[in-house]
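Novice: First the structure, which I've put down as structure tokens, then a few questions once you've had a look.
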Amino acid sequence: MPPASMELEMEEQELNRIVDEENLRNEERVALVGGGKHANGRRRTPDSSNSTSSLGSTVASTPRYRSSVSRCWKFLIPLALISILAMHWSPEIQGNAGIETKPSSAPQEQGKSQPIVREPVKNLTSASNGRDFPKRNSSTTRAEPVKQPESSMAPVAIKQPEPSMAPEPVKQAEPSMAPEAIKQPQFIAIPKSDDLFTCPEIADKAQLVIDEDKSYNVVSQQILTNLTSYLSVFRNTGYDDWGHTFEEVKAGMFHWKSKKYAEVKDGMTIYESACGIGLNLFMTLEILREVHGVRNLRVYGNEYVQESVAVAQTMATRLPGKGQYGRICHGDSTKLDYVPSNSFDVVFTGYITPLANPLQINATRQGDLDRYYIALCESKDEDVESTRLKLKAQYLQEDWYAAWVGHMIRIAKPGAPIIIEQVSYPICRAYFDWGGVSQGFWRRAGRHYPNWDIDPSSIVYEDDTIFRRRYHVFMRKNS
């Protein structure tokens, strides 16, 4: 037998003997452990995995085992040197070391690929397409070997990855994804020959809350002075002095508007009485677009505060979706004689401003008015004069509401919805508010006021979710 074979056989016998001795020790160790208890009180099973791990660690740490392993390197080192020399002598690898070939669309000389300089391999493990790329070795400038691609992919060495497999570039937001405050929707002004009406030169005054028009004038002037800034932040600023932001009011009105304005379709005309600076109109169209996909409407309205009209006209040119901006006039909602009858598919108002002083008492401050009318509400029934004044004040308030809503009904088309939002209760039922009408008023008004051409069976109420003791009303004009 050759000497090398004899040496290998002796080493194998020696290794077997070491393993047999270790097995014997392990069996003795298992027997000892099997008689004790685990820390949790349960007996450890004889075939515990600890015995296997103990065997491996003991054999690996045996001096003779290490010496036998070290002899194996005598055979591995020459093989490694031969492999390195073979790679060094290979003409193809030597000529293109560190260079990757890429097919070119241009004609190539003698059928050879055009070399391009390889770029460093990046760690793309977290790429958006979900592929796991090899990580770069931190201890060397060379990348780790790339795994052989699947059959559906060409080898990386001769072909770049297909475009569909490369990480997708970050897409720029489409125009439809831009915030509505920045987005500039396309609005087309209606030609004068197609106008439904023209605005009056002078707006009649009405009995509103004392100095209310002055306070709104100041706010509207400030908005006009910084209009660009306001349009970029109005969603998260105070909504029309309500104590809530635009987004908060929108969330509170979303259910009502998405349900009761569901009949609005593209191409229809809508009218808001007392539109303020246009936020409620903007909100309504935004909800209609989001819920029902309505984008093309013709919008009209009126507002009592002249400075607010200028802001509303600007907001109307930035309404969500595409559509046509008609007119927003400076005018009193109880005097809309310049607006033709039977003209609009939907007529609504976000709030009817109550009469501040229906009895026209001599007072210059709102606090004095509040105390006077609350005293009437708290008067005893035996006080005949106070009771008479209390009832008269409420009747005048109802006449005011009837005149306001009467014009809304008149300008609506037959069968069209008429919607009144944020209705206040009578002041004797809600001292904290400005005054208003009860829900029973709406059915009585259909019988009492001749210009109320409505279907009484269509009247629907819903409590407001933003303010206490307020509600919304939906009704329909007779067909």
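Each residue of the sequence shown is one higher than the last, beginning at 1 in UniProt numbering.
We treat Cβ as the ideally placed atom computed from N, Cα and C, and that holds for glycine.
Bear in mind the structure is a predicted one, so any value in this text is a computation, not a measurement.
For the alpha helix (DSSP H) that contains Q306, what are its first and last residues?
Specialist: Where Q306 is concerned, the enclosing alpha helix (DSSP H) stretches over Q306 to A316.
Novice: Which partner residues does G238 have in the DSSP bridge list?
Specialist: According to DSSP, which records beta bridges pairwise, G238 is partnered with T245.
Novice: Report yes or no: do three or more beta-carbon pairs, one from the segment 367 to 374 and one from the segment 217 to 235, lie closer than 8 Å?
Specialist: The segment 367 to 374 vs the segment 217 to 235: no contact.
Novice: Quick check on the DSSP output: the alpha helix (DSSP H) that includes V291 runs from which residue to which?
Specialist: Element bounds for V291: L279 to H292.
Novice: Does DSSP put M268 in a helix, a strand or coil?
Specialist: It is coil, neither helix nor strand.
Novice: Give a yes or no on contact between the segment 382 to 392 and the segment 432 to 448, applying the rule of three or more CB pairs nearer than 8 Å.
Specialist: Taking 8 Å as the limit for Cβ pairs, the verdict is that the segment 432 to 448 does not touch the segment 382 to 392.
Novice: Do T284 and E303 have their C-beta atoms within less than 9 Å of each other?
Specialist: Against a cut-off of 9 Å, the Cβ pair of E303 and T284 comes out as no contact.
Novice: Under a Cβ-count criterion, where at least 16 other Cβ atoms within 10 Å of its own Cβ denotes burial, should M315 be classed as buried or exposed?
Specialist: With 16 or more Cβ atoms within 10 Å of its Cβ, M315 is classed as buried.
Novice: With DSSP as the reference, identify every bridge partner of G331, one or two as the case may be.
Specialist: Partner(s): none; G331 has no beta bridge.
Novice: According to the neighbour-count rule (16 or more other Cβ atoms, all chains shown, within 10 Å of its Cβ), is L81 buried or exposed?
Specialist: Per the 10 Å Cβ criterion, exposed.
Novice: State the Cα-Cα distance for the pair I419 and T465, rounded to the nearest angstrom.
Specialist: Distance between the alpha carbons of I419 and T465 is about 17 Å.
Novice: If you follow the beta strand (DSSP E) that D345 is part of, which residue opens it and which one closes it?
Specialist: Per DSSP, D345 belongs to no beta strand (DSSP E) and is neither H nor E.
Novice: Take the Cβ of I287 as the centre, count every other Cβ of all protein chains shown within 10 Å, and call the residue buried at 16 or more, exposed below.
Specialist: Classification for I287: buried.
Novice: Within the same chain, show all residues whose beta-carbon is closer than 7 Å to that of N217, passing over the 5 residues directly before and after it, in chain order.
Specialist: The residues are V305 and E307.
Novice: What are the start and end residues of each continuous beta strand (DSSP E) run of 3 or more residues lying completely inside the segment 436 to 478, in chain order?
Specialist: You should have 454 to 463 and 470 to 477.
Novice: Which two residues bound the contiguous beta strand (DSSP E) that contains S379?
Specialist: Unbroken run through S379: none, as it is neither H nor E.
Novice: Beta carbon of W242, beta carbon of E421: below 9 Å?
Specialist: No, they are not a contact pair.
Novice: Could you give the distance in angstroms between the alpha-carbon of R17 and the alpha-carbon of I77?
Specialist: Near 27 Å, if we compare the C-alpha coordinates of I77 and R17.
Novice: The beta strand (DSSP E) with E421 in it runs from where to where?
Specialist: P417 to S424 is the span of the beta strand (DSSP E), which, as asked, contains E421.
Novice: Compute the Euclidean distance between the alpha carbons of T353 and D455, then round it to the nearest angstrom.
Specialist: Roughly 24 Å between the two C-alpha positions.
Novice: Which same chain residues end up closer than 7 Å to N478 when comparing Cβ atoms and leaving out the 5 residues on each side of it in sequence?
Specialist: Taken in chain order, the residues that qualify are P414, D453, I454 and D455.
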